[in-house]
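One structure is given below, encoded as structure tokens.
Protein chains: 2
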Amino acid sequence: MRQTFDEHADPSFGPRHLPLIRAKLREQGLDGFLIPHEDEHQNEYLPDANERLSWATGFTGSAGAAVVMAEKAAVFVDGRYTLQVKAQVDPSMFEARDLVEGGVPLYLEQEARPGQIIGYDPRLHSPDALGGLKRAAAKAGAELKPVNANPVDLAWAGERPAQPTAKVVPHDLAYSGEAAAAKRSRIGLEIGRLGADAAVLTAPASIAWLFNVRGGDVIRSPLPLGQAILRKDGSARLFLDPVKVSEDLPAWLGNAVSLEPENALPEALAQLEGQKVLVDPAQSSAWYFDTLEAAGAGVVRGADPCALPRARKNPVEIEGARKAHERDAVALARFLYWLSTDGQINPPDEVETVKTLEAFREASGALKDLSFDTIAGAGPNGAIVHYRPTLKTNRRVRQGELLLVDSGAQYLDGTTDVTRTVAIGTPSAEMCERFTLVLKGHIALGSARFPAGTTGTALDTLARAPLWAYGLDYDHGTGHGVGSYLGVHEGPQRISKAPNSIALEPGMIVSNEPGYYKVGGFGIRIENLVTVKPAEPIAGGERPMLSFETLTLAPIDRTLIIADLLTAEERGWLNAYHARVAAIVGPKVEPKIGAWLNEVCAEL
Amino acid sequence: MRQTFDEHADPSFGPRHLPLIRAKLREQGLDGFLIPHEDEHQNEYLPDANERLSWATGFTGSAGAAVVMAEKAAVFVDGRYTLQVKAQVDPSMFEARDLVEGGVPLYLEQEARPGQIIGYDPRLHSPDALGGLKRAAAKAGAELKPVNANPVDLAWAGERPAQPTAKVVPHDLAYSGEAAAAKRSRIGLEIGRLGADAAVLTAPASIAWLFNVRGGDVIRSPLPLGQAILRKDGSARLFLDPVKVSEDLPAWLGNAVSLEPENALPEALAQLEGQKVLVDPAQSSAWYFDTLEAAGAGVVRGADPCALPRARKNPVEIEGARKAHERDAVALARFLYWLSTDGQINPPDEVETVKTLEAFREASGALKDLSFDTIAGAGPNGAIVHYRPTLKTNRRVRQGELLLVDSGAQYLDGTTDVTRTVAIGTPSAEMCERFTLVLKGHIALGSARFPAGTTGTALDTLARAPLWAYGLDYDHGTGHGVGSYLGVHEGPQRISKAPNSIALEPGMIVSNEPGYYKVGGFGIRIENLVTVKPAEPIAGGERPMLSFETLTLAPIDRTLIIADLLTAEERGWLNAYHARVAAIVGPKVEPKIGAWLNEVCAEL
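Here the protein sequences line up with chains A and E, keeping their order. Quick note on our numbering: the first sequence kicks off at 24 and runs consecutively. Quick note on our numbering: the second sequence kicks off at 24 and runs consecutively.
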């Protein structure tokens with residue numbers, strides 16, 4: 024099994040580790056220290072060695088922070104994690120605070136005292152975030168000071184896991200669709216166009232995409248942790264721990280890329296003296312800015328030049344995504360068949376659900392990893408948006424309940440992410456009404472036609488309007504970008520209420536995942552991945568439009584649909600989608616599952 | 024008649040005025056000069072005395088700029104005005120350039136030469152815009168230099184109209200709904216909360232709102248041109264040309280407001296030495312920032328603290344808006360009746376249309392002004408979004424054509440803005456299809472329910488989606504804020520594609536005006552004003568929602584509606600709206616018009 028169901032931290036972490044951290048603070052003459060969740064790579068998932076916040080506090084959520092002072096400490100989490108932080112963090116050691124309302128800056132303003140020196144590790148904070156923190160400390164008369172040696176790392180030293188050492192391997196042109204030399208050349212031109220001589224790239228996904236390589240340093244995504252300097256002429260220096268260099272990597276990278284150990288990076292940055300260097304303040308930590316400025320380089324602040332080109336998948340990547348989704352669809356069909364037969368008689372618990380689905384995916388022989396830990400939420404657990412079943416929370420679905428399963432796979436040709444909500448036994452009228460409203464939103468977004476330049480902020484409304492009309496809503500985004508055998512959450516495009524100026528462009532892959540959650544009751548989410556493509560021209564149409572092609576192929580539970588709530592157009596979309604699922608997936612599965620697919624995909 | 028139909032400028036302006044301006048540049052030792060459309064008050068409409076761009080070039084559009092160099096000159100307009108600029112500006116004097124793509128900065132980069140000194144009037148440029156201009160000039164090795172005396176004003180001196188001197192008068196509590204002292208007090212608290220000691224207010228609409236006064240310095244809106252300093256304790260200094268002070272104004276303002284001549288402002292700013300002063304960089308020109316910084320004040324950059332409170336109308340203002348719209352509806356009913364009877368037999372021309380509508384509004388006895396020059400676009404003229412009929416362009420509607428009429432009125436209790444598109448004779452199938460699609464978008468937006476925090480960017484999509492589905496769109500925003508007997512275009516909220524983080528809040532008034540334009544053919548726009556209010560609770564609803572109350576009361580031409588394209592819900596909305604129009608307006612008009620209203624408002 025790839026997924027495990029135990030807890031990686033517990034409330035004893037604070038009492039055990041806080042004294043060790045405070046001892047190191049005293050040695051360094053610091054009155055306090057900031058511990059963000061982010062690590063050196065500002066990446067969504069961290070290697071175990073960089074789970075500093077969890078080691079210090081016990082809190083394992085995907086976002087948060089802590090501040091350790093001599094006499095007190097606080098942990099900061101957002102609304103998703105208010106219950107979890109109570110279960111995981113010892114309240115006698117850490118005051119729990121809101122990460123968003125006031126957050127760390129307000130804490131510094133209120134709790135720091137004049138003259139205090141509070142340390143931070145400049146490798147872990149973006150320059151933008153640091154600005155606010157410094158201003159807040161200054162208001163209290165305290166000062167933030169960068170440290171060379173992170174006191175948490177020093178305190179953790181003996182027990183700390185090793186840094187990951189997975190080999191970095193070539194990612195074949197059959198999957199990437201564009202030679203690395205061509206990518207380097209066109210991104211180099213863009214760097215020049217932005218008035219820079221070179222760019223410092225620190226996002227692992229950009230390194231992977233640009234050089235057509237994949238790694239294994241981070242669970243659930245094939246990312247190589249490293250850095251690169253790309254010059255405007257397309258030549259590059261790639262910094263990787265030598266132990267991670269696979270045998271065929273140097274030849275794959277070619278002559279225009281010099282492969283160097285990670286510890287050569289500071290010297291390489293210093294050599295950029297007098298040059299204009301593009302760095303992304305949302306992606307690269309303050310350390311890069313400080314180091315380049317100290318070296319006398321001219322820093323050009325701008326978005327990672329690989330981010331948008333990476334998001335616009337080429338035809339080979341799109342065809343790979345289609346193949347990956349067809350392969351994934353076989354596992355999903357077997358899984359949903361199991362839930363609709365055995366699962367209805369002997370309802371599974373969440374852990375069994377996760378294991379069964381993983382086994383079906385593993386059976387493809389092509390599974391490289393899950394794209395994230397499967398969320399299987401039975402009954403009320405389905406209403407916890409960021410739920411992950413553990414042995415402690417594991418729950419068996421009961422008759423009349425919903426089971427929400429959000430899962431995905433990493434294949435060499437593509438990354439998948441799909442959510443289906445299934446009724447066990449007979450669902451209530453309320454469940455069906457809410458499910459149908461979520462489906463209406465899913466269809467409105469999935470069938471949208473929109474002009475070039477339209478952002479995900481504009482389209483988000485289509486997915487929510489049917490729920491809004493009933494006085495309902497959901498507290499998460501409607502869609503995130505997805506990588507090509509890379510991160511399952513990938514920017515810069517997204518579909519959400521939050522203002523975002525990135526237009527959806529052909530080739531981009533995003534999720535379409537509206538939901539509804541009744542706390543203590545049930546959760547509903549319907550998620551397909553879709554890719555943006557030019558829309559079929561329409562008679563009388565005057566402007567080119569874009570539309571979505573749905574990649575995910577899995578039936579939507581018809582026992583939860585109130586057909587009368589759907590318009591003729593919505594029913595048409597659903598019938599066409601189900602016909603496609605049956606036609607593509609049916610021939611690839613056992614005849615009895617094919618027959619079942621025909622049934623659940625029949626016209627509504 | 025309030026509206027006139029002649030041109031205020033012509034292509035002879037450039038040849039006549041450019042040499043005069045260049046002579047003044049030579050006297051001041053300048054190699055060039057920037058002429059923005061904006062004036063000292065950064066307001067949408069300018070008094071004649073500040074129409075510098077039009078005097079210099081002949082161009083009368085509502086946005087634009089010019090650069091005058093010794094040997095060449097350029098005028099900059101956006102896509103709306105590419106035809107107009109050709110008709111109004113002599114191309115041998117001014118090269119016409121795109122205001123948006125590259126704009127003035129690109130021109131400076133390409134055309135300025137090393138060592139050149141290019142002047143600008145710091146009173147006319149926002150600090151944000153100026154930053155980009157300075158960087159562009161620097162790239163060319165040239166320098167931008169602020170002038171004390173504007174060379175255009177010097178050149179214009181003899182012919183220049185006088186600054187307006189309309190009296191500033193009290194605006195009664197029966198219309199404003201909140202005493203000025205209460206407004207000053209709460210805005211003062213907000214200034215303190217933002218860490219400032221005082222705010223400099225330069226937006227005429229903010230001056231009018233804060234002090235509950237109205238003026239007449241600018242056509243089509245009752246704005247007093249002036250400035251104010253509001254302290255955090257709620258006391259204020261108001262700077263107005265003494266000739267504009269009406270007899271009862273000092274008593275109305277009260278003891279906490281000192282009324283001072285406009286030329287006392289520089290000294291008053293200098294007295295803010297050592298204080299923190301809030302100024303809006305989007306609203307106040309660079310001159311304020313330069314002057315405050317030179318005085319040793321600490322400038323706090325932030326939004327005009329009156330902007331959001333002014334946008335959230337109070338119950339008295341909302342009730343006033345309802346009354347203003349009912350009054351306006353009587354004029355509209357008479358006008359639309361005229362168009363549907365006489366107008367069908369002897370179709371009017373655009374000027375007759377404008378005059379007839381104005382006369383009906385004037386007959387109310389309450390008309391203070393139009394809220395903008397009425398747009399009456401017959402046939403192809405309707406497709407020109409920013410059209411205003413002149414004697415030169417005036418066109419008679421023909422049978423089978425559409426007439427688009429966008430108009431509004433200023434009444435003491437509210438400002439109106441309404442567009443109706445009417446078929447003369449029998450419309451084509453294409454006209455009806457497009458009209459129905461626009462109507463579907465209008466209804467989708469007008470009937471939306473949405474949670475607190477929703478922006479106009481999110482809602483804009485609802486109005487466009489029906490057009491997008493047919494491969495169509497329109498190139499203007501869907502809605503703008505509207506003042507309460509103030510500007511007909513008022514921020515900060517708006518409904519448009521452009522990313523905007525301002526949430527729609529109860530009491531805000533916005534327009535709902537999707538459209539469709541077939542160049543050379545016809546134009547369609549359906550515009551109502553709506554106000555945001557809490558939505559009626561719905562059974563099973565879990566979250567409070569907001570919705571729109573439609574203020575405008577005028578029938579929508581049913582001869583242009585294809586009923587089969589409407590859903591049952593859309594038809595329900597239209598029937599309910601028409602029933603309301605007939606019920607409210609019918610009793611206020613002549614019996615024959617009431618009977619006609621009942622007919623055109625009957626169930627569809």
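Positions of the beta carbon are idealized from the N, C-alpha and C atoms, including for glycine.
Can you name, in chain order, every residue of its own chain whose Cβ lies under 7 Å from the Cβ of residue i, other than the five neighbours on each side?
i: T413/A; result: F28, D29, E30
i: I214/E; result: A221, A222, L253, K255, L301, P328
i: E296/A; result: A318, G319, A320
i: V112/E; result: P34, G37, T80, G81, F82, V98, A119
i: R6/E; result: Coverage of chain E is limited to positions 24 through 627, which leaves residue 6/E absent and any answer about it impossible.
i: T314/A; result: P289, L292
i: V12/E; result: Since the first and last residues shown for chain E are 24 and 627, residue 12/E lies out of range.
Run through the DSSP bridge pairs and tell me what residue i is partnered with.
i: K299/A; result: G321/A
i: Y600/E; result: The partner list for Y600/E (beta bridge, DSSP) is empty, contrary to what the question assumes.
i: R237/E; result: V192/E
i: S570/A; result: R472/A, K556/A
i: M92/A; result: G55/A
i: S534/A; result: L552/A
i: I141/E; result: G55/E, L167/E
i: H503/A; result: R517/A
i: Y539/A; result: I547/A
i: Q433/E; result: D392/E, T438/E
Counting only the same chain and skipping the five closest in sequence on each side, list residues whose C-beta sits under 8 Å from that of residue i.
i: R566/E; result: P474
i: A231/A; result: H194, R237, G238, P245, L246, P247, L509
i: V191/A; result: V236, R237, G238, P247, G249, L263, K267, V268, S269, L272
What does a CB cutoff of less than 6 Å around residue i pick up in its chain, not counting 5 residues either side in sequence?
i: E63/A; result: R146
i: S229/E; result: D327, C329
i: V280/A; result: A259, L261
i: G546/E; result: G400, G405, A406, L427, Y540
When you compare each of the options to residue i by their alpha carbons, which one comes out closest?
i: D365/E; options: L569/E, G448/E, R209/E, A79/E; result: G448/E
i: G538/A; options: K520/A, A486/A, F571/A, T379/A; result: A486/A
i: N173/E; options: Q186/E, Q51/E, R103/E, G125/E; result: Q51/E
i: E182/E; options: T573/E, S85/E, E316/E, D71/E; result: D71/E
i: H671/E; options: L212/E, Q250/E, A605/E, T554/E; result: Here chain E has residues from 24 to 627 only, and residue 671/E is not among them.
i: S363/E; options: L620/E, I44/E, E626/E; result: L620/E
i: D151/E; options: P38/E, A178/E, S307/E; result: S307/E
i: L2/A; options: T442/A, A605/A, G200/A, W310/A; result: For residue 2/A there is no data in the structure shown, the boundaries of chain A being 24 and 627.
i: L527/A; options: N286/A, L552/A, A88/A, R335/A; result: R335/A
i: L390/E; options: A452/E, Y143/E, A352/E; result: A352/E
i: G543/E; options: L425/E, D436/E, R260/E, E593/E; result: L425/E
i: P187/A; options: L53/A, L69/A, T484/A; result: L69/A
i: S570/A; options: I532/A, P578/A, I549/A; result: I532/A
i: T444/E; options: Q433/E, R384/E, E385/E, N551/E; result: N551/E
i: V123/E; options: I140/E, T105/E, M116/E; result: T105/E
i: I140/E; options: T480/E, M92/E, L276/E; result: M92/E
Please find out if some non-hydrogen atom of the ligand NAD comes closer than 8 Å to the beta-carbon of residue i.
i: A293/E; result: No copy of the ligand NAD appears in this structure; indeed no ligand is present at all.
- [ ] Would you check if the region 456 to 464 of chain E and the region 522 to 537 of chain A touch, i.e. whether three or more CB-CB distances between them fall below 8 Å?
- [x] no
Task: alpha helix (DSSP H) segments (min. 4 residues) lying fully within the region 324 to 383 of chain A - done: 330 to 334, 338 to 363, 365 to 368
Open item on the list: Contact between the region 77 to 97 of chain E and the region 31 to 49 of chain E is defined here as three or more beta-carbon pairs at a separation below 8 Å; is this criterion met?
Closed with: yes
Task: Contact between the region 395 to 415 of chain E and the region 514 to 523 of chain E (3+ Cβ pairs under 8 Å) - done: no
TODO: Count the CB pairs spanning the region 491 to 502 of chain E and the region 595 to 603 of chain E that are closer than 8 Å, and state whether there are at least three.
DONE: no
Open item on the list: Check whether the region 118 to 133 of chain A and the region 153 to 164 of chain A touch, using three or more Cβ-Cβ pairs below 8 Å as the test.
Closed with: yes
TODO: Scan the region 239 to 284 of chain A and note each continuous beta strand (DSSP E) run of 3 residues or more that stays entirely inside, going in chain order.
DONE: 250 to 254, 259 to 262, 280 to 283
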